[in-house]
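Numbering (our numbering), first residue to last: 1 to 238.
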Amino acid sequence: MKYNNPSIFQRRDFLQRLCIGTSALWTVQGAFAEALTLTPHQTEGPLYPDKLPLDTDNDLLIINEGITPAVGEVTHVQGRILDKSGSPVRNAVVELWQVDSQGVYIHSQTARRGNQDKNFQGFGRFLTGSSGEYYFRTVKPPAYGGRARHIHFAILRNNQRVLTTQLYVKGDPLIQRDGPIRSIRDPKLRAMLIKDFAPLKGSKTGELIVNFDIVVGVTPEDPKEDPIRFRNPKYKKG
Ligand SMILES: [Fe+2]
Numbered sequence: 001m002k003y004n005n006p007s008i009f010q011r012r013d014f015l016q017r018l019c020i021g022t023s024a025l026w027t028v029q030g031a032f033a034e035a036l037t038l039t040p041h042q043t044e045g046p047l048y049p050d051k052l053p054l055d056t057d058n059d060l061l062i063i064n065e066g067i068t069p070a071v072g073e074v075t076h077v078q079g080r081i082l083d084k085s086g087s088p089v090r091n092a093v094v095e096l097w098q099v100d101s102q103g104v105y106i107h108s109q110t111a112r113r114g115n116q117d118k119n120f121q122g123f124g125r126f127l128t129g130s131s132g133e134y135y136f137r138t139v140k141p142p143a144y145g146g147r148a149r150h151i152h153f154a155i156l157r158n159n160q161r162v163l164t165t166q167l168y169v170k171g172d173p174l175i176q177r178d179g180p181i182r183s184i185r186d187p188k189l190r191a192m193l194i195k196d197f198a199p200l201k202g203s204k205t206g207e208l209i210v211n212f213d214i215v216v217g218v219t220p221e222d223p224k225e226d227p228i229r230f231r232n233p234k235y236k237k238g
């Protein structure tokens with residue numbers, strides 16, 4: 001699969017603006033950064049879309065030119081893709097996938113398929129520019145099937161996946177007994193994936209914002225390190 005056609009990343013103007021104000025500060029921090037810790041891996045899980053949606057842009061609330069947005073707590077997910085030295089990674093593809101407000105994935109094997117929010121895109125991509133920043137508009141995922149609330153991420157460099165991970169919601173009580181996050185023993189590493197979904201300043205509709213910086217290496221991820229990817233003979237990604 002080729003990712004080098006920027007036209008597939010339909011970056012709507014209003015989606016871009018949110019990031020710009022903070023980029024100057026980030027650049028200064030990057031310049032003085034010590035070697036950073038790589039963001040920990042998490043399992044891909046069995047529900048990476050088996051058929052991608054027609055629209056794969058970074059706004060998961062609206063599919064193509066639809067007029068009815070997805071239902072849920074609107075959440076702005078943003079951050080930077082960094083390398084170990086703290087420098088922004090350009091031309092990284094950030095993939096995000098998650099359940100809709102009803103706990104349904106866009107996957108043929110998802111639970112509760114009949115409850116699916118047909119207006120929710122469920123998957124999106126963002127190609128980073130020179131600042132390494134990415135941005136998605138989505139909904140806060142509910143907890144489902146015994147898992148804590150989580151959003152899946154995959155990061156690709158040069159068309160190869162270098163990291164698969166998950167983002168969790170700070171304060172979610174289910175984190176205490178969630179298998180994948182608890183598989184990370186070091187509390188400092190674990191904390192790298194648990195972020196505050198904070199109220200967006202000035203929002204009259206209760207929108208949330210979360211900052212999630214992701215530190216990646218350059219080596220393609222080994223699928224054997226993920227038991228689910230290793231077991232799945234249909235696995236074709238990265
Ligand atoms: Fe999941």
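Even for Gly, the Cβ is constructed at its ideal location relative to N, Cα and C.
Task: Distance CB(G79)-CB(D178) smaller than 8 Å - done: Your numbering for residue 79 matches position 79 in the sequence shown. Your numbering for residue 178 matches position 178 in the sequence shown. Taking 8 Å as the cut-off, the Cβ atoms of G79 and D178 do not count as close.
TODO: For R90, count neighbouring C-beta atoms within 10 Å of its own C-beta (all shown protein chains included) and say buried if the count is 16 or more, exposed if not.
DONE: Position 90 of the sequence shown holds residue 90. By the neighbour-count definition (other C-beta atoms within 10 Å, threshold 16), R90 is an exposed residue.
Task: Inter-stretch contact (C-beta, 8 Å, three-pair minimum) for the stretch 100-111 and the stretch 65-72 - done: Output reads yes: the stretch 65-72 touches the stretch 100-111.
TODO: Please classify I184: does DSSP put it in a helix, a strand, or coil?
DONE: In the sequence shown, counting from the first residue as 1, residue 184 sits at position 184. Here I184 carries a coil assignment [DSSP, helix/strand/coil].
Task: Reference Q109; option with closest CA among N232, D196, R157, L47 - done: What you label residue 109 is simply residue 109 of the sequence shown in a count that begins at 1. Among N232, D196, R157, L47, the Cα nearest to that of Q109 belongs to L47.
- [ ] With I151 as the anchor, note down where its beta strand (DSSP E) starts and where it stops.
- [x] For this step, residue 151 is matched to residue 151 along the sequence shown. Taken as a continuous stretch (DSSP letters only), the beta strand (DSSP E) holding I151 covers 150-157.
TODO: Run the CB neighbour count on T165, radius 10 Å, all protein chains shown included, and call it buried at 16 or more, exposed below.
DONE: Locating residue 165 in the sequence shown gives position 165, where the first residue counts as 1. T165 should be labelled buried.
- [ ] Rank A111, Y144, E95 by C-alpha distance to the C-alpha of Q290 and give the top, closest one.
- [x] For the chain, the structure presents residues 1 to 238; residue 290 sits outside this window and is missing.
- [ ] Check whether the Cβ atoms of D172 and R149 lie closer than 8 Å to each other.
- [x] Residue numbering aside, residue 172 sits at position 172 when the sequence shown is read from its first letter. Residue numbering aside, residue 149 sits at position 149 when the sequence shown is read from its first letter. Judged by beta-carbon spacing, R149 lies within the 8 Å limit of D172, meaning their Cβ atoms are closer than that value.
TODO: Using beta-carbon positions only, say whether P53 and I62 come within less than 8 Å of one another.
DONE: If you number the sequence shown from 1, residue 53 lands on position 53. If you number the sequence shown from 1, residue 62 lands on position 62. No, Cβ-Cβ distance for P53 and I62 is not below 8 Å.
TODO: Find out if the Cβ-Cβ distance for the pair L38, V210 is shorter than 8 Å.
DONE: Here residue 38 is taken as the residue at index 38 of the sequence shown, counted from 1. Here residue 210 is taken as the residue at index 210 of the sequence shown, counted from 1. If you check the CB distance, L38 and V210 do not come in under 8 Å.
- [ ] Grab the span of the alpha helix (DSSP H) containing I228 for me, first residue to last.
- [x] On the sequence shown, residue 228 is found 228 positions in, with the first residue counted as 1. Unbroken alpha helix (DSSP H) run through I228: 227-231.
Task: DSSP state of L82 mapped onto helix, strand, coil - done: Mapped onto the sequence shown, residue 82 falls at position 82. In this structure, L82 counts as strand in the three-state DSSP scheme.
TODO: Alpha carbon to alpha carbon, how far is G217 from Y144? Give it in angstroms, no decimals.
DONE: Start at 1 with the first residue of the sequence shown, and residue 144 comes out as number 144. Start at 1 with the first residue of the sequence shown, and residue 217 comes out as number 217. Here the alpha carbons of G217 and Y144 stand approximately 31 Å from one another.
Task: Residue from L36, V77, Q116 with nearest C-alpha to S85 - done: Taking the first residue of the sequence shown as 1, we reach residue 85 at position 85. Checked all of L36, V77, Q116; the closest Cα to S85 is L36.
Open item on the list: What does DSSP give as the partner residue(s) for V77 in the beta ladder?
Closed with: Along the sequence shown, one-based indexing puts residue 77 at 77. The partner list for V77 (beta bridge, DSSP) reads F136, V210.
Task: Three-way DSSP call (helix, strand, coil) for Q166 in this model - done: The residue you call residue 166 lines up with position 166 of the sequence shown. Strand.
Open item on the list: Rounded to the nearest angstrom, what separates I239 and R185 at their Cα positions?
Closed with: Residue numbering for the chain in the displayed model covers 1 to 238; residue 239 lies beyond these limits and cannot be assessed.
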